[in-house]
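Chains as they are written, first to last, in the numbering used here: chain X, 1 to 312; chain Z, 1001 to 1312.
2 protein chains.
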Amino acid sequence: MRFHSPSIQYFHAVRRTGSIRAAARLLNVASSAVSRQILKLEQEVGSPLFERTARGLTLTTVGEMLARHVMNVLQDLDRFRSDVASLSGAWHGTISIACIESLAESVLPDLIAAHRSRARRVSFTTMVMGSSDVLEALRRGEADIGIAMALRHPPDLRQVALKRFRLGALVAREHPLARRKTVTLEQCLAFPVIHALPELSIYHLLQPLIAQLSETPEPAIQANSIDLMRELAARGVGVAFQTQLGIVRLTRDAQLVFLPLDNAGSPVWSDLGIYVRAERTLPAFTESFLQELVRELGERERRENAAYPHIA
Amino acid sequence: MRFHSPSIQYFHAVRRTGSIRAAARLLNVASSAVSRQILKLEQEVGSPLFERTARGLTLTTVGEMLARHVMNVLQDLDRFRSDVASLSGAWHGTISIACIESLAESVLPDLIAAHRSRARRVSFTTMVMGSSDVLEALRRGEADIGIAMALRHPPDLRQVALKRFRLGALVAREHPLARRKTVTLEQCLAFPVIHALPELSIYHLLQPLIAQLSETPEPAIQANSIDLMRELAARGVGVAFQTQLGIVRLTRDAQLVFLPLDNAGSPVWSDLGIYVRAERTLPAFTESFLQELVRELGERERRENAAYPHIA
DNA sequence: ACATGTTGCTGCCGTTTCGGCAACGGCTAT
DNA sequence: ATAGCCGTTGCCGAAACGGCAGCAACATGT
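Below, the structure is given as structure tokens:
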């Protein structure tokens, strides 16, 4: 079922590996064959596709254009294959998901487990990474579905849904703040705080608000792992900040308390976006899971915003 | 610049012509070559792509799926080509437009003339047809942009814009109705009427309204050409119905009068949709023209609805 | 400075694939 | 029945492809 020119496949492999010999190893062919196909391709396009450095190949501008086209072709071929397969009742394939850490604790495992119990022949590849890396993985075709903080997304990605969750403080049950209904940033900063490092998007949400305050904050802990911050907060080390998405288990065990942030009378929102490549049509089984994902996140958004109604 | 398997191109040609020998003539190759490529393709897919009848070849279900994939590939290849070309300053290509007749008198010629005066290397192919044929031409990949009555469009088409224009009666300057500001359907039916045949979408707009009336209408003329109906109305033969889009010249020469229809106090809308294939990214020069088209139609919508403000 | 490893590229040559020609059986229309 | 068109199939030359070995250019490690 490989009815596309070898040039296409070879080019794709070379782009991913950044090397002709590595691509050749990946494809189980001689490097000379790969080299020739690339040269032929460049001749037909009429422009070099790679810049040859001593250590490998880098895409030129034209090369990036071709890479986009080739990705469109190969991903659409995948969809065609799965369409044909689902015609004969076989509903299988692999869904590749890139998401940020806050989904890893509850949302994604729950969803995947539920989906697998219904469609056992659909397998999953999940990759946890930073928000901008999520978008980059989508653009490179390494993931089918991406979930990230809703930054400004490039035009070649499509935002399927946008859900907003309230940012809140996370404290141990014994913490002095734990009995409040909501907290302000000032109140939190009176205690030791577990800050997010800039690689986490929570940093970029809170930094502008903290900068507005004149107070000098308490000496704080900094971390780059949502999970770690959560566990630190559970041990009473300090106040952490995140959405309620990733703390279902620990609040259920009553070790942690989630306190919605109150910023001068209004909530602090953390916008979560679901993304797919814009130029791509998803296979039916992927589209189906995507719908479930959107529905589930919408459900959680509704539940959480009902549990902590607006302050205003 | 043809770096896709011959199988792809051959399959595409066979699908369009419905015959292997005709495709071979089109491609300037022997029919045996085409036949073999199709057989090879069917073997790789693992399922027949065509049903062989005595009169040629018809797509099977799997064949239609592959046709969709192949169209996506070839159209995206076109986009890639034009992207590369525009990189070296050459901004050229062909825009293929399928539209209904009402656009042919003024909107489209004006727009194309204006666009050509700026971008002389962009050429156009325009095809006038019925609304459902417009959608079908888009789906078959025979047109890049489609303008049609906004019916329910299939999911593989994307509605870029939706503009509504008021349906009105068209009468000669000397017609008894000509001095009114608006008319009702009853008032029109008191005179000879030029009816649209069912192949025109105006028929489907007016038919439900006429059916509600109890009166027996005057003996009428029926026609299937917007242009003919307009010219008949200008000669005082009867009352025609259309939007004001297609009658700019004749109203300018003051031969025709346009009277917005008043249906029990509310206007009668004719919804015009602009469509493109959903699974396709347009070349830059096509996208640019598309934007101008949307803008121009929006402008006309605004102007006309300002000239004939709502009745309610 | 030198050796070593890696990079992409290029003749050479066997294998595979492709395309053109002619012919065959099946079908339709006259 | 005859003529015409259809898709398919052997046969064969031509073109494309892939593997092997060797090349120069460059980076790295000693």
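Quick reminder that beta carbons are idealized off the backbone N, C-alpha and C, glycines included.
Nothing here was measured: the structure is a model prediction, and the numbers come from that model.
- The beta-bridge partner set that DSSP reports for Z/His1195 consists of Z/Gln1222.
- Boundaries cannot be given for X/Thr184, as no alpha helix (DSSP H) includes it and DSSP labels it neither H nor E.
- What Z/Leu1087 touches in chain X, judged by beta-carbon distance under 9 Å, is Ser47, Thr61, Val62 and Met65, going in chain order.
- Here the alpha carbons of X/Ser131 and X/Gly273 stand approximately 10 Å from one another.
- For the stretch 1072-1097 of chain Z, the set of positions with a beta-carbon nearer than 8 Å to some beta-carbon of chain X reads Asn1072, Val1073, Asp1076, Leu1077, Arg1079, Phe1080, Asp1083, Val1084 and Leu1087 in chain order.
- DSSP, read as helix, strand or coil, puts Z/Thr1281 in coil.
- Pairing X/Phe241 with Z/Val1294, the inter-Cα distance amounts to about 46 Å.
- With the rule of 3 Cβ pairs closer than 8 Å, the stretch 221-239 of chain X does not count as touching the stretch 150-160 of chain X.
- Pairing Z/Phe1003 with X/Ser7 gives a Cβ-Cβ distance under 8 Å.
- For X/Pro260, the enclosing beta strand (DSSP E) has its first and last residue at Leu256 to Pro260.
- The DSSP-derived three-state label of X/Pro267 is strand.
- Secondary-structure assignment with DSSP links X/Phe50 through a beta bridge to X/Leu59.
- In this structure, X/Leu245 lies away from X/Ala234, with their beta-carbon atoms at least 8 Å apart.
- DSSP places Z/Ala1022 inside the alpha helix (DSSP H), whose first and last residues are Ile1020 to Leu1027.
- Going by beta carbons, Z/Val1014 and Z/Ser1106 fall outside the 8 Å limit.
- Judged by beta-carbon spacing, X/Ser102 lies within the 8 Å limit of X/Thr243, meaning their Cβ atoms are closer than that value.
- Z/Glu1279 has a beta carbon lying within less than 8 Å of a beta carbon in chain X.
- Measuring C-alpha to C-alpha distances from Z/Gln1159 to each of Z/Ala1211, Z/Gly1146, Z/Arg1252 and Z/His1012 identifies Z/Gly1146 as the nearest.
- Following the DSSP letters along the chain, one finds X/Ala161 inside the beta strand (DSSP E) bounded by residues Leu157 to Ala172.
- Z/Met1001 is classed as exposed because its beta carbon has fewer than 16 other beta carbons within 10 Å across all chains shown.
- Nearest CB-CB separation between X/Ile226 and chain Z: not below the 8 Å threshold.
- Between Z/Leu1074 and Z/Gly1063, the C-beta spacing is not below 8 Å.
- Residue environment: Z/Lys1181 is assigned as exposed (fewer than 16 neighbouring CB atoms within 10 Å of its CB, all protein chains considered).
- The beta carbon of X/Ser117 sits no closer than 8 Å to any beta carbon of chain Z.
- The criterion of a C-beta distance shorter than 8 Å is not satisfied by X/Ala67 and X/Leu157.
- Flagged as an interface residue toward chain X: Z/Leu1041, by a C-beta distance shorter than 8 Å.
- With fewer than 16 other beta carbons inside 10 angstroms of its own, Z/His1092 counts as exposed.
- Around the Cβ of X/Leu297, a 10 Å sphere holds 16 or more other Cβ atoms; the residue is buried.
- A buried status is given to X/Gln37, since no fewer than 16 other beta-carbon atoms sit within 10 Å of its beta-carbon.
- Annotation for Z/Ala1211: the continuous alpha helix (DSSP H) segment containing it runs Ser1201 to Gln1212.
- With 16 or more neighbouring CB atoms inside 10 Å of its own CB, X/Asp78 falls in the buried class.
- Taking X/Leu41 as the centre and dropping the five residues before and after it, the same chain places the C-beta of Ser7, Phe11 and Leu49 closer than 7 Å to its C-beta, in chain order.
- Nearest CB-CB separation between X/Phe3 and chain Z: below the 8 Å threshold.
- In summary, X/Gly168 is buried, with 16 or more beta-carbon neighbours lying within 10 Å of its beta-carbon over all protein chains present.
- Excluding its 5 nearest sequence neighbours in each direction, X/Leu135 has C-beta neighbours in its own chain below 8 Å: Gly146, Ala148, Leu151, His153, Pro154, Leu157 and Tyr275, listed in chain order.
- Its chain contains Val1122, Ser1123, Phe1124 and Thr1125 as the residues whose beta carbon lies nearer than 8 Å to that of Z/Thr1094, once the 5 sequence neighbours on both sides are disregarded; these appear in chain order.
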